[in-house]
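Everything on this sheet refers to the single structure shown next.
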Ligand SMILES: Cc1cc2nc3c(=O)[nH]c(=O)nc-3n(C[C@H](O)[C@H](O)[C@H](O)COP(=O)(O)OP(=O)(O)OC[C@H]3O[C@@H](n4cnc5c(N)ncnc54)[C@H](O)[C@@H]3O)c2cc1C
């Protein structure tokens, strides 16, 4: 049996979790094993309906009076207990903050190997996975020497697919045995933020700036262009390290992953740690004065030139068209 | 407050990764080395905490003898001493790494060290396993909060915030505790010439760690298929603007 950890973040199942389910189902089919799922959250909408369409034959719903909000140690202990009872051959989750954390904890509790950000697998004994290093700039084939191995599935490793002929999924309640101490780490409060302007992660156009922008002031032309295009503004790590932008606006390995229709990258060289944050963009327009800048080799469109000349001229032309 | 920070030496590959012969590692002969941004923030946070609350900051790394450079860098921004768990420089899996760190912490404690706070990066920049800190916390029975991007510490407890899509999750735990942190927690300082010189004299304790059997075994590295686009060049300088406008229209970004 293959067990998938379902994560809702209080909404009905996130897209990344559905991708992980598709990955888990293909693994299950390849191994000739049934797919089962474990869910902690109560408000997860029509869970059986959704999971059934993804080939899940049994759902373990974890019930405990104290499991009302996220408590990683308690969740991991509950999952470890369920594994003792249900004896899965693999355990999978989406490679989200929570998926990675819970599987790493279970791995630590049960002394099992865990492979984060997998994009593929090969059957055999021991099983082999393909996983991402460097945010996906490098791939690793790794063997997993224990049963059950724990895998998290990298975002966009597979496309979500539902199954054609679905069967009824049975719903079972699992009641873990937990103590007070298991709740020493838990969410004690939540704070909502309401970011102003267009959000980087969901924007359809992003204007990004790097060292070539030169200063915090230099970003004004980028902001102006962004406001004309309804775009969000981001930056490279050089821009955030210099305080020209906040870290929340950083694009890259240790910042945001963006996937707009168009990313306009100004004065950014295209280091891999930056590129992994924007490689999901449909189009990348690079503006750089160095025609040898590596970013041109990964862009769809390029302009060789000083951004402080090109952008003001572009802004003027867009204004002229708009009026 | 005594803080232990764990960091990892990684290459800075710039714009292209190349593999070394044998496909077991990145070709690093022409590369510089660093610690990841998450860990830079961990070191900075440790230094700020001891500046505020007193105590000492120790920085630990498992890696080749050359990883001394990363310990010195960390001491140049304020860590007091270093621990180097010296390997041959080959890949240790996350469980092996964690076990060696746990053994080193126990050894330090046997010699009278007491740590109140353990700081790790949320994930390493290269291997990105997302688990070494959590495994160490489990072995030492420490409460562990991951992905911390805001921290308020007092002498006996910490309040930590982790960013999620809709805002922040707030956690509070008593000390001792282990936190894995993310870039954005603070803005790390740059070392001065004087602090770089001073760091050369700070103590480093070296040992050769025991290695557990491998659980996640690296077989082979390979490069992902390149997207292989070659950019359509739209022109140079201001003269490119008319073509840029056309492209913006084609992509539907500007109304035609
Ligand atoms: C572990 C690790 C994690 C990292 N994570 C991230 C991350 O999340 N995000 C990130 O961005 N980086 C990250 N980095 C840093 C990354 O390696 C690069 O150092 C960084 O992306 C470079 O930023 P840049 O392109 O702005 O600067 P540079 O590489 O200095 O490039 C500046 C470019 O601007 C051009 N330029 C200069 N002036 C002008 C002008 N007037 N007009 C037009 N072009 C001009 C230059 O030709 C050059 O190509 C990370 C590094 C490490 C080691």
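Residue numbers (the numbering used here), protein chains in the order written: chain Z, 1392 to 1714; chain C, 44 to 299.
Don't be surprised by glycine CBs; every beta carbon is placed ideally from N, CA and C.
Keep in mind that this is a model prediction, so the values were computed, not measured.
Measure the beta-carbon distance from residue i to residue j and round it to whole angstroms, keeping in mind my assumption that it falls under 8 Å.
i: residue 77 of chain C; j: residue 107 of chain C; result: Actually they do not touch by this definition, with Cβ atoms about 14 Å apart.
i: residue 1447 of chain Z; j: residue 1428 of chain Z; result: 5 Å
i: residue 221 of chain C; j: residue 170 of chain C; result: The Cβ separation is near 19 Å, so there is no contact.
i: residue 1416 of chain Z; j: residue 1445 of chain Z; result: 6 Å
i: residue 1581 of chain Z; j: residue 213 of chain C; result: 7 Å
i: residue 79 of chain C; j: residue 168 of chain C; result: 3 Å
i: residue 84 of chain C; j: residue 226 of chain C; result: 5 Å
i: residue 141 of chain C; j: residue 182 of chain C; result: 7 Å
i: residue 234 of chain C; j: residue 119 of chain C; result: 4 Å
i: residue 94 of chain C; j: residue 162 of chain C; result: Rounded, the Cβ-Cβ distance is 15 Å, inconsistent with contact.
i: residue 192 of chain C; j: residue 218 of chain C; result: Going by Cβ atoms, the distance from residue 192 of chain C to residue 218 of chain C rounds to 19 Å, so no, they are not a contact pair.
i: residue 189 of chain C; j: residue 176 of chain C; result: 7 Å
i: residue 264 of chain C; j: residue 113 of chain C; result: The pair is not a contact, with the Cβ atoms about 22 Å apart (cut-off 8 Å).
Would residue i and residue j be called neighbours here (beta carbons separated by less than 8 Å)?
i: residue 42 of chain C; j: residue 1708 of chain Z; result: This structure cannot speak to residue 42 of chain C, because chain C is shown only from 44 to 299.
i: residue 104 of chain C; j: residue 128 of chain C; result: yes
i: residue 1592 of chain Z; j: residue 1675 of chain Z; result: no
i: residue 1600 of chain Z; j: residue 1623 of chain Z; result: no
i: residue 1698 of chain Z; j: residue 1604 of chain Z; result: yes
i: residue 1528 of chain Z; j: residue 1667 of chain Z; result: yes
i: residue 126 of chain C; j: residue 101 of chain C; result: yes
i: residue 1467 of chain Z; j: residue 259 of chain C; result: no
i: residue 1443 of chain Z; j: residue 1551 of chain Z; result: no
i: residue 1655 of chain Z; j: residue 1612 of chain Z; result: no
i: residue 1543 of chain Z; j: residue 1490 of chain Z; result: yes
i: residue 1496 of chain Z; j: residue 1508 of chain Z; result: no
i: residue 1627 of chain Z; j: residue 1659 of chain Z; result: yes
i: residue 1610 of chain Z; j: residue 1462 of chain Z; result: no
i: residue 164 of chain C; j: residue 224 of chain C; result: yes
i: residue 159 of chain C; j: residue 45 of chain C; result: yes
i: residue 1546 of chain Z; j: residue 1426 of chain Z; result: no
i: residue 294 of chain C; j: residue 1653 of chain Z; result: yes
i: residue 1519 of chain Z; j: residue 1525 of chain Z; result: no
i: residue 1565 of chain Z; j: residue 1473 of chain Z; result: yes
CA-CA distance, residue i and residue j?
i: residue 1433 of chain Z; j: residue 1392 of chain Z; result: 24 Å
i: residue 215 of chain C; j: residue 1460 of chain Z; result: 14 Å
i: residue 147 of chain C; j: residue 1464 of chain Z; result: 24 Å
i: residue 109 of chain C; j: residue 1664 of chain Z; result: 23 Å
i: residue 1418 of chain Z; j: residue 1540 of chain Z; result: 13 Å
i: residue 1673 of chain Z; j: residue 296 of chain C; result: 12 Å
i: residue 1577 of chain Z; j: residue 231 of chain C; result: 28 Å
i: residue 1646 of chain Z; j: residue 173 of chain C; result: 16 Å
i: residue 57 of chain C; j: residue 261 of chain C; result: 23 Å
i: residue 245 of chain C; j: residue 124 of chain C; result: 6 Å
i: residue 1548 of chain Z; j: residue 1687 of chain Z; result: 25 Å
i: residue 252 of chain C; j: residue 51 of chain C; result: 15 Å
i: residue 1561 of chain Z; j: residue 1449 of chain Z; result: 5 Å
i: residue 155 of chain C; j: residue 1680 of chain Z; result: 57 Å
Less than 7 Å between the CB of residue i and some heavy atom of ligand 3, yes or no?
i: residue 1644 of chain Z; result: Absence of ligand 3 is noted for the structure shown, with ligand 1 being the only ligands found.
Checklist entry - Using a beta-carbon distance cut-off of less than 7 Å, what residues from the stretch 184 to 197 of chain C approach chain Z? => result Across the stretch 184 to 197 of chain C, CB contacts with chain Z closer than 7 Å involve 186, 187, 188, 189, 190, in sequence order along the chain.
Item to check | Runs of alpha helix (DSSP H) lying entirely within the stretch 1537 to 1625 of chain Z, each at least 4 residues, in chain order | outcome: Positions of the alpha helix (DSSP H) runs, each at least 4 residues long and wholly inside the stretch 1537 to 1625 of chain Z, are given as 1610 to 1620 in order along the chain.
Next on the checklist: Give me the subset of the stretch 1513 to 1531 of chain Z whose CB atoms are less than 9 Å from a CB atom of chain A, sorted by chain position.
Outcome noted: No chain A is part of this structure, whose protein chains are labelled Z and C.
Checklist entry - Given a limit of 8 Å on CB to CB distance, which residues of the stretch 228 to 251 of chain C reach chain Z? => result Interface annotation for the stretch 228 to 251 of chain C against chain Z: 230, criterion Cβ-Cβ distance under 8 Å.
Next on the checklist: Residues of the stretch 271 to 283 of chain C in Cβ contact with chain Z at a cutoff of 8 Å, in chain order, please.
Outcome noted: Taking 8 Å as the Cβ-Cβ cut-off against chain Z, the residues of the stretch 271 to 283 of chain C that qualify are 272, 273, 274, 275, 276, 277, 278, 279, 280, 281, 283.
Item to check | Proximal residues, the stretch 210 to 223 of chain C versus chain Z, C-beta separation under 7 Å | outcome: Within the stretch 210 to 223 of chain C, 210, 211, 212, 213, 214, 215, 216 place their CB atoms closer than 7 Å to a CB of chain Z, listed in sequence order.
Checklist entry - the stretch 168 to 183 of chain C: which residues have C-beta closer than 8 Å to a C-beta of chain Z, in chain order? => result Per Cβ criterion, the list reads 168, 169, 170, 171, 172, 173, 174, 177, 178, 180, 181, 182.
Checklist entry - Relative to chain C, which residues along the stretch 1554 to 1584 of chain Z have a C-beta separation below 8 Å, given in chain order? => result Listed by position along the chain: 1575, 1576, 1577, 1578, 1579, 1580, 1581, 1582, 1583, 1584.
Checklist entry - Which runs of the beta strand (DSSP E), 3 residues or longer, sit entirely within the stretch 1620 to 1679 of chain Z? => result The stretch 1620 to 1679 of chain Z contains these whole beta strand (DSSP E) runs: 1623 to 1626, 1653 to 1657, 1674 to 1679.
Item to check | Short-range partners of chain C found in the stretch 1468 to 1481 of chain Z, where Cβ spacing is below 9 Å | outcome: Residues: none.
Checklist entry - For the stretch 1498 to 1513 of chain Z, which residues have a beta carbon sitting closer than 8 Å to at least one beta carbon of chain C? => result Those would be 1498, 1499, 1500, 1502, 1503, 1504, 1505, 1506, 1507, 1508, in chain order.
Next on the checklist: Just to confirm the assignment: which complete alpha helix (DSSP H) runs, minimum length 4, are found wholly within the stretch 100 to 145 of chain C?
Outcome noted: Complete alpha helix (DSSP H) runs here, min 4: 111 to 119.
Item to check | Contacting positions in the stretch 67 to 95 of chain C - beta carbon closer than 8 Å to chain Z | outcome: From the stretch 67 to 95 of chain C, only 69, 79, 80, 81 have a Cβ closer than 8 Å to chain Z.
Checklist entry - Residues in the stretch 251 to 263 of chain C with C-beta within 8 Å of chain Z's C-beta atoms, listed in sequence order? => result Listed by position along the chain: 256, 257, 258, 259, 260, 261, 262, 263.
Next on the checklist: For a minimum of 4 consecutive residues, which ranges assigned as the alpha helix (DSSP H) are wholly contained in the stretch 1413 to 1464 of chain Z?
Outcome noted: List check, alpha helix (DSSP H) in window: 1438 to 1443.
Item to check | Contact list for the stretch 1640 to 1662 of chain Z against chain C, Cβ threshold 8 Å | outcome: Flagged, chain order: 1641, 1644, 1645, 1646, 1652, 1653, 1660, 1661, 1662.
Item to check | In chain order, each beta strand (DSSP E) run of at least 3 residues that lies wholly inside the stretch 69 to 100 of chain C | outcome: Listed in chain order, the complete beta strand (DSSP E) runs (minimum 3 residues) inside the stretch 69 to 100 of chain C are 75 to 77.
Item to check | Contact set between the stretch 1681 to 1701 of chain Z and chain C, restricted to residues whose Cβ is under 9 Å from the partner | outcome: Within the stretch 1681 to 1701 of chain Z, those residues whose Cβ lies closer than 9 Å to any Cβ of chain C are, in chain order, 1682, 1684, 1685, 1686, 1687, 1688, 1689, 1690, 1691, 1692, 1693, 1694, 1695, 1696, 1697, 1700, 1701.
Checklist entry - What residues from the stretch 1532 to 1544 of chain Z come within 7 Å of chain C, judged by C-beta to C-beta, listed N to C? => result Listed by position, the residues of the stretch 1532 to 1544 of chain Z near chain C (Cβ gap below 7 Å) are 1532, 1533, 1534, 1535, 1536, 1537.
Next on the checklist: In chain order, what are the residue ranges of uninterrupted alpha helix (DSSP H) at least 4 long that sit wholly in the stretch 1455 to 1512 of chain Z?
Outcome noted: Listed in chain order, they are 1463 to 1477, 1488 to 1501.
Checklist entry - Which residues, taken in chain order from the stretch 1485 to 1499 of chain Z, show a beta carbon closer than 7 Å to some beta carbon of chain C? => result So the close ones are 1488, 1491, 1492, 1495, 1496, 1498, 1499.
Checklist entry - Which whole runs of the alpha helix (DSSP H) in the stretch 141 to 183 of chain C are 4 residues long or more, in chain order? => result Correct list: 175 to 183.
Checklist entry - Quick one, which residues of the stretch 1589 to 1601 of chain Z are near chain C if we go by CB-CB under 7 Å, in chain order? => result With the criterion set as a beta carbon lying under 7 Å from some beta carbon of chain C, the members of the stretch 1589 to 1601 of chain Z are 1596, in sequence order.
Item to check | Runs of alpha helix (DSSP H) wholly within the stretch 170 to 249 of chain C (minimum 4 residues, chain order) | outcome: Whole alpha helix (DSSP H) segments, 4+ residues: 175 to 183, 236 to 242.
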